[in-house]
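Structure first, commentary second.
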Amino acid sequence: MDSIREKAYAKLNISLDVTERRTDGFHDMCMVMQTVSICDELELRPTDTGRVQVKSNFSFIPGDERNLAAKAALGFFEAVGKQGQGLLITLQKSIPVGAGMAGGSADAAAVLRALNRLYGAPLTADALETLAARVGSDVPFCVRGGTALATGRGEKLETLPSLPACKFVVCKPDFSISTPELFRKLDQTGLRCHPDTAGILAALRDGELEPVARRMYNVFEEVDDRRLRTVREIKSVLLDCGALGAIMTGTGSAVFGVFRPDADCSAAVAALRAEHGFCREAVGVDRLL
Ligand code: C5P
Numbered sequence: 067m068d069s070i071r072e073k074a075y076a077k078l079n080i081s082l083d084v085t086e087r088r089t090d091g092f093h094d095m096c097m098v099m100q101t102v103s104i105c106d107e108l109e110l111r112p113t114d115t116g117r118v119q120v121k122s123n124f125s126f127i128p129g130d131e132r133n134l135a136a137k138a139a140l141g142f143f144e145a146v147g148k149q150g151q152g153l154l155i156t157l158q159k160s161i162p163v164g165a166g167m168a169g170g171s172a173d174a175a176a177v178l179r180a181l182n183r184l185y186g187a188p189l190t191a192d193a194l195e196t197l198a199a200r201v202g203s204d205v206p207f208c209v210r211g212g213t214a215l216a217t218g219r220g221e222k223l224e225t226l227p228s229l230p231a232c233k234f235v236v237c238k239p240d241f242s243i244s245t246p247e248l249f250r251k252l253d254q255t256g257l258r259c260h261p262d263t264a265g266i267l268a269a270l271r272d273g274e275l276e277p278v279a280r281r282m283y284n285v286f287e288e289v290d291d292r293r294l295r296t297v298r299e300i301k302s303v304l305l306d307c308g309a310l311g312a313i314m315t316g317t318g319s320a321v322f323g324v325f326r327p328d329a330d331c332s333a334a335v336a337a338l339r340a341e342h343g344f345c346r347e348a349v350g351v352d353r354l355l
């Protein structure tokens, strides 16, 4: 059987709210999510090794089931009755790791979309998203893509009108923040502010960019962590360079600004790239499935 290629697009949180601590170790969330053009490239090649293996240009990324891409492939083969099918997944990673951009989840989602295509669409879109939820909380959104409201653990999705045309500037400082650690700290401190999610949804329905950008808010920025000082500094640079709004995505550490589609973002990119490891422009990507 031939190999197949698929792009794994990153996500940004236009908003992130934590609404409830659950008894199963997770939290209930309410998030407006957006797929963006920064992506990893995957090649999937069925093999006769009987094993699912992952190779990548990032040497520290696990090559076995600890990698969500491998977990997704094993889940797919089980769901379609092909247990024991061998597969080599080659990952060319561009999405920064530990950024809150769902890089690992995007890879897993790309594996699910690609395998379903390779094997003649044995699973419906609904079945693919249900399978995705078992791989990780962000994987269903990454399977579907576009602009969506994600609730529950993040796996309950409602597709929203596309974000009006805009540019993103995304900067990832050199440190990462552990997701479970940040949730723990949030539980300790509690929350005083919440994003105006209803206002964001209304602005999306009106097709208006500026009221969306002005309302962007991530509750994790309230957590008491010294590293978040750098997040605030990056936000200031983005806003000073003309961003309509700027926030941290997910549990960080990447920060992004939203600009008008015709804005010149080169000053923001140059300033942030000189100071921090990763800074790139991106645009929104519409629904994938
Ligand atoms: O589902 P995922 O593997 O991405 O979650 C990683 C960790 O993040 C969980 O073990 C949990 O500690 C935390 N988490 C949470 N509530 C969510 C999603 C993740 O508490 N909705």
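Each residue of the sequence shown is one higher than the last, beginning at 67 in our numbering.
The beta carbon of each residue, even a glycine, is placed where N, CA and C say it ideally should be.
- For the pair D94 and G218, the CB atoms are nearer than the 8 angstroms cut-off.
- G141 sits close to L197, with the two beta carbons spaced by under 8 angstroms.
- C208: member of the alpha helix (DSSP H) spanning V205 to R210, first to last residue.
- Its Cα nearest to that of T85, the residue P261 stands out among V297, P261 and F344.
- Nearest in C-alpha terms to T315, of all of S69, E195, K77 and D68, is K77.
- In the three-state DSSP reduction, G220 falls in the coil class, being neither helix nor strand.
- Within the same chain, and ignoring the five residues on either side of V289 in sequence, the residues whose Cβ sits closer than 8 angstroms to its Cβ are L248, K251, L252 and T255.
- Checking the DSSP bridge columns, you'll see H93 partnered with R87.
- The closest heavy atom of the ligand C5P lies less than 7 angstroms from the beta carbon of F92.
- Per DSSP, A312 is one residue of the beta strand (DSSP E) stretching across G311 to M314.
- Spanning the alpha carbons of V205 and A336 requires a straight line of approximately 32 angstroms.
- The nearest non-hydrogen atom of the ligand C5P is 7 angstroms or more from the C-beta of T89.
- Inside the region 233-312, DSSP marks whole alpha helix (DSSP H) runs of 4 or more residues at positions 245-255, 263-272, 275-280 and 294-306, from first to last along the chain.
- Bridge partners of Y75 according to DSSP: C105.
- The alpha helix (DSSP H) runs of length 4 or more contained entirely in the region 125-201 are, from start to end of the chain, 134-145, 169-184 and 191-201.
- Rounded to the nearest whole angstrom, the CA to CA distance from I300 to M67 is 47 angstroms.
- Measuring C-alpha to C-alpha distances from A136 to each of E274, R200 and G211 identifies R200 as the nearest.
- Contact check for S81 and M282: beta-carbon distance about 6 angstroms, within the 8 angstroms limit, so the pair qualifies.
- The way I'd put it, the region 321-341 does touch the region 298-313; three or more beta-carbon pairs between them come closer than 8 angstroms.
- No residue range can be given for S228, since it is assigned to no alpha helix (DSSP H) and is classified by DSSP as neither H nor E.
- K238 is positioned such that its CB atom lies no closer than 8 angstroms to that of F325.
- Distance check between A193 and each of G169, E221 and S228 places E221 closest, using alpha-carbon atoms only.
- For M95, the shortest separation between its Cβ and any heavy atom of the ligand C5P lies below 7 angstroms.
- A336 sits in a helix when the DSSP states are folded into three classes.
- Secondary structure note for R353: it is in no beta strand (DSSP E), with a DSSP letter that is neither H nor E.
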